[in-house]
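What follows is a set of notes on a single structure, which appears directly below.
Protein chains: 4
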Amino acid sequence: MDRLDPMLAAHPSPAHSSRMTAEECIAACADCAAICSSCADACLGEPDVAELVTCIRLNLDCADICAFTGRLFARPSARHEETLRHQLEACISICQACAEECARHEHMEHCRICAEACRRCAEACQRELGALVP
Amino acid sequence: MDRLDPMLAAHPSPAHSSRMTAEECIAACADCAAICSSCADACLGEPDVAELVTCIRLNLDCADICAFTGRLFARPSARHEETLRHQLEACISICQACAEECARHEHMEHCRICAEACRRCAEACQRELGALVP
Amino acid sequence: MDRLDPMLAAHPSPAHSSRMTAEECIAACADCAAICSSCADACLGEPDVAELVTCIRLNLDCADICAFTGRLFARPSARHEETLRHQLEACISICQACAEECARHEHMEHCRICAEACRRCAEACQRELGALVP
Amino acid sequence: MDRLDPMLAAHPSPAHSSRMTAEECIAACADCAAICSSCADACLGEPDVAELVTCIRLNLDCADICAFTGRLFARPSARHEETLRHQLEACISICQACAEECARHEHMEHCRICAEACRRCAEACQRELGALVP
Numbered sequence: 138m139d140r141l142d143p144m145l146a147a148h149p150s151p152a153h154s155s156r157m158t159a160e161e162c163i164a165a166c167a168d169c170a171a172i173c174s175s176c177a178d179a180c181l182g183e184p185d186v187a188e189l190v191t192c193i194r195l196n197l198d199c200a201d202i203c204a205f206t207g208r209l210f211a212r213p214s215a216r217h218e219e220t221l222r223h224q225l226e227a228c229i230s231i232c233q234a235c236a237e238e239c240a241r242h243e244h245m246e247h248c249r250i251c252a253e254a255c256r257r258c259a260e261a262c263q264r265e266l267g268a269l270v271p
Numbered sequence: 138m139d140r141l142d143p144m145l146a147a148h149p150s151p152a153h154s155s156r157m158t159a160e161e162c163i164a165a166c167a168d169c170a171a172i173c174s175s176c177a178d179a180c181l182g183e184p185d186v187a188e189l190v191t192c193i194r195l196n197l198d199c200a201d202i203c204a205f206t207g208r209l210f211a212r213p214s215a216r217h218e219e220t221l222r223h224q225l226e227a228c229i230s231i232c233q234a235c236a237e238e239c240a241r242h243e244h245m246e247h248c249r250i251c252a253e254a255c256r257r258c259a260e261a262c263q264r265e266l267g268a269l270v271p
Numbered sequence: 138m139d140r141l142d143p144m145l146a147a148h149p150s151p152a153h154s155s156r157m158t159a160e161e162c163i164a165a166c167a168d169c170a171a172i173c174s175s176c177a178d179a180c181l182g183e184p185d186v187a188e189l190v191t192c193i194r195l196n197l198d199c200a201d202i203c204a205f206t207g208r209l210f211a212r213p214s215a216r217h218e219e220t221l222r223h224q225l226e227a228c229i230s231i232c233q234a235c236a237e238e239c240a241r242h243e244h245m246e247h248c249r250i251c252a253e254a255c256r257r258c259a260e261a262c263q264r265e266l267g268a269l270v271p
Numbered sequence: 138m139d140r141l142d143p144m145l146a147a148h149p150s151p152a153h154s155s156r157m158t159a160e161e162c163i164a165a166c167a168d169c170a171a172i173c174s175s176c177a178d179a180c181l182g183e184p185d186v187a188e189l190v191t192c193i194r195l196n197l198d199c200a201d202i203c204a205f206t207g208r209l210f211a212r213p214s215a216r217h218e219e220t221l222r223h224q225l226e227a228c229i230s231i232c233q234a235c236a237e238e239c240a241r242h243e244h245m246e247h248c249r250i251c252a253e254a255c256r257r258c259a260e261a262c263q264r265e266l267g268a269l270v271p
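Chains as they are written, first to last, in the numbering used here: chain H, 138 to 271; chain A, 138 to 271; chain D, 138 to 271; chain X, 138 to 271.
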């Protein structure tokens with residue numbers, strides 16, 4: 138997402154307390170959303186899909202929450218802080234849960250990669266949450 | 138959404154503590170998401186659009202958050218409770234903020250209707266949040 | 138979605154050639170998106186989940202496409218007609234494919250209901266497509 | 138999105154005729170979705186927002202369509218080809234329209250960057266469309 142930095146820099150009245158944490162958060166969310174969608178689809182293609190149902194469900198929720206959390210932060214204007222905080226908490230919470238479940242299956246490369254993306258996204262959201270607090 | 142009740146009833150292992158609050162939550166979120174998208178678009182068509190920028194921004198965030206919150210609850214299996222709680226709190230928070238802002242413009246019918254949809258959605262999410270707590 | 142009609146009626150410059158077909162399309166898409174998300178989750182809870190993988194994948198695609206197609210039409214202003222046409226065609230196409238696959242499993246009530254919702258959504262999108270053509 | 142390539146490579150039964158075009162398409166869609174969301178928000182912050190209403194509307198549609206088109210391709214299994222083709226056509230169509238409109242305002246850096254992201258996304262979708270055709 139190499140256009141993201143000049144884009145956020147070009148905004149007439151950004152409210153991000155730190156453009157760097159915002160960018161990391163947006164990019165990590167987009168990455169995690171795509172990876173979780175791929176992982177759910179990969180799990181559905183495994184012979185032991187019945188063992189992976191919890192993983193698939195968490196992947197789907199995580200893909201959705203990350204997709205929309207990232208989108209909120211791609212809008213750099215002043216917004217409703219309380220909402221942003223709850224949304225980041227939801228995102229951190231599902232990313233951690235999904236990372237933990239995927240880590241239980243990390244003999245499968247797609248789950249290993251997904252656990253990593255989820256962990257990185259949780260960390261980026263945590264930093265953005267820290268940057269929000271007044 | 139008249140197919141929603143039989144659908145949720147047909148699930149092999151639903152985790153909703155109350156099917157009624159879940160249904161209300163899903164339907165209210167879908168309704169609020171569509172209404173907020175319409176309201177943003179209507180505000181963009183008003184001659185005094187420059188006065189409505191905050192309203193449009195809240196409408197866009199509210200449409201996104203409601204769309205995805207409803208989707209989480211349309212999946213009736215046991216899920217990650219902590220995440221659901223944060224997500225409902227984010228949804229209640231943005232619905233209240235959007236309702237408040239739209240109410241300031243309720244001489245415009247679209248904002249009046251939108252304020253109403255947001256309030257109803259916040260209430261439905263609040264009831265679902267109550268139904269979640271163990 | 139009982140607020141949808143007054144909402145679309147309150148828009149300052151709607152471009153819908155027919156408000157009725159637009160409303161049906163928006164409501165059918167929202168319905169189908171929620172039902173498909175539920176059906177995917179229900180299929181994941183069935184003992185023979187391995188037999189339902191194609192169904193789950195079509196459900197996920199259909200839920201996503203319906204969610205976003207409906208959202209485009211919830212914005213009533215003049216838009217890019219060619220895009221709307223392609224988007225409706227994508228939505229009709231996935232709804233028909235998903236209806237067909239779900240119909241193969243209609244001994245399961247959730248698949249029977251989902252096939253029905255997909256068919257109704259395909260029809261509503263078809264009518265909206267007819268209303269678009271100049 | 139540096140985890141995307143190993144992720145797609147780890148899928149048990151990918152259907153992409155070319156992993157490279159799929160990856161480019163997913164990444165370009167994610168990029169364009171975020172940039173268009175930012176551009177709409179930036180336009181809303183400009184003093185002459187009333188002149189930018191068409192641009193904002195196209196940005197919103199483009200952000201939505203790109204977000205969901207990318208998501209479809211992040212699921213690498215065999216899918217419904219006809220749907221994918223229509224969806225790519227919708228995405229190319231809105232990206233071209235949005236690029237054209239943004240290019241009219243390219244004295245504003247955010248519109249210039251957005252036009253560029255839209256053009257690159259249209260091209261990536263075009264290549265993926267070529268890779269789909271049997």
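We put the CB at the ideal spot given by N, CA and C, even for glycine.
Any chain H beta carbon closer than 7 Å to residue i
{"i": "Ala227 (chain X)", "result": "no"}
{"i": "Ser150 (chain X)", "result": "yes"}
C-beta neighbour in chain A for residue i, strict 7 Å
{"i": "Asp168 (chain D)", "result": "yes"}
{"i": "Met138 (chain D)", "result": "yes"}
Closer than 7 Å at the beta carbon, the chain H residues around residue i
{"i": "Ile193 (chain D)", "result": "Leu181"}
{"i": "Ala187 (chain D)", "result": "Val186 and Ala187"}
{"i": "His223 (chain A)", "result": "His223, Glu226, Ala227 and Ser230"}
N-terminal and C-terminal residue of the alpha helix (DSSP H) that residue i is part of
{"i": "His223 (chain A)", "result": "Glu218 to Ala240"}
{"i": "Asp142 (chain X)", "result": "Leu141 to Ala146"}
{"i": "Ala215 (chain H)", "result": "Taken as a continuous stretch (DSSP letters only), Ala215 (chain H) belongs to no alpha helix (DSSP H), as it is neither H nor E."}
{"i": "Glu260 (chain A)", "result": "Glu246 to Leu269"}
Neighbour list for residue i in chain A, Cβ cutoff strictly below 7 Å
{"i": "Glu219 (chain H)", "result": "Ser230"}
{"i": "Asp198 (chain D)", "result": "Ordered by position in chain A, no residue passes the 7 Å Cβ test against Asp198 (chain D), which lies about 14 Å from the chain."}
Contact set between residue i and chain D, taken where Cβ atoms lie within less than 7 Å
{"i": "His247 (chain A)", "result": "Met144, Ala147 and His148"}
{"i": "Gln263 (chain X)", "result": "What Gln263 (chain X) touches in chain D: nothing, since even the nearest Cβ is about 13 Å away."}
{"i": "Ala165 (chain A)", "result": "Simply none; closest approach about 10 Å."}
Residue-chain proximity (residue i, chain X), Cβ-Cβ < 7 Å
{"i": "Ser154 (chain H)", "result": "no"}
{"i": "Arg241 (chain H)", "result": "no"}
{"i": "Ala259 (chain H)", "result": "no"}
{"i": "Arg256 (chain H)", "result": "no"}
Amino acids of chain X, ordered along the chain, whose beta-carbon sits closer than 7 Å to that of residue i
{"i": "Ala234 (chain D)", "result": "His217 and Thr220"}
{"i": "Ala211 (chain H)", "result": "Ala171, Ser174 and Ser175"}
Proximal residues of chain D, C-beta to C-beta of residue i below 8 Å
{"i": "Arg208 (chain X)", "result": "Asp201"}
Listed by chain order, chain X residues near residue i by CB distance under 9 Å
{"i": "Glu253 (chain H)", "result": "Arg140"}
Interface partners of residue i on chain X, CB under 8 Å
{"i": "Ala204 (chain H)", "result": "Ala204 and Arg208"}
Unbroken stretches of the alpha helix (DSSP H), 4 residues or longer, contained in the segment 159 to 211 of chain D: Within the segment 159 to 211 of chain D, the alpha helix (DSSP H) runs of at least 4 residues that lie entirely inside it are, in chain order, 190 to 210.
Cβ contact (3+ pairs, closer than 8 Å) linking the segment 189 to 205 of chain X and the segment 157 to 164 of chain X: Judged by Cβ distances under 8 Å, the segment 189 to 205 of chain X makes no contact with the segment 157 to 164 of chain X, as fewer than three pairs qualify.
contact_flag[the segment 208 to 215 of chain D, the segment 179 to 186 of chain D] where n(CB pairs < 8 Å) is 3 or more: No, the segment 208 to 215 of chain D does not touch the segment 179 to 186 of chain D.
Segment contact flag, the segment 231 to 239 of chain H with the segment 241 to 256 of chain D, C-beta cutoff 8 Å, min 3 pairs: Because the criterion of three Cβ pairs below 8 Å is not met, the segment 231 to 239 of chain H and the segment 241 to 256 of chain D do not touch.
The segment 218 to 228 of chain H touching the segment 260 to 270 of chain H, judged by at least three CB pairs closer than 8 Å: By the Cβ criterion, the segment 218 to 228 of chain H is in contact with the segment 260 to 270 of chain H, since at least three pairs of Cβ atoms, one from each stretch, lie closer than 8 Å.
Inter-stretch contact at 8 Å, needing at least 3 Cβ pairs: the segment 138 to 146 of chain D / the segment 163 to 182 of chain D: These segments touch.
Cβ pair count under 8 Å reaching 3, the segment 243 to 253 of chain H against the segment 241 to 255 of chain A: Too few Cβ pairs lie closer than 8 Å, so no.
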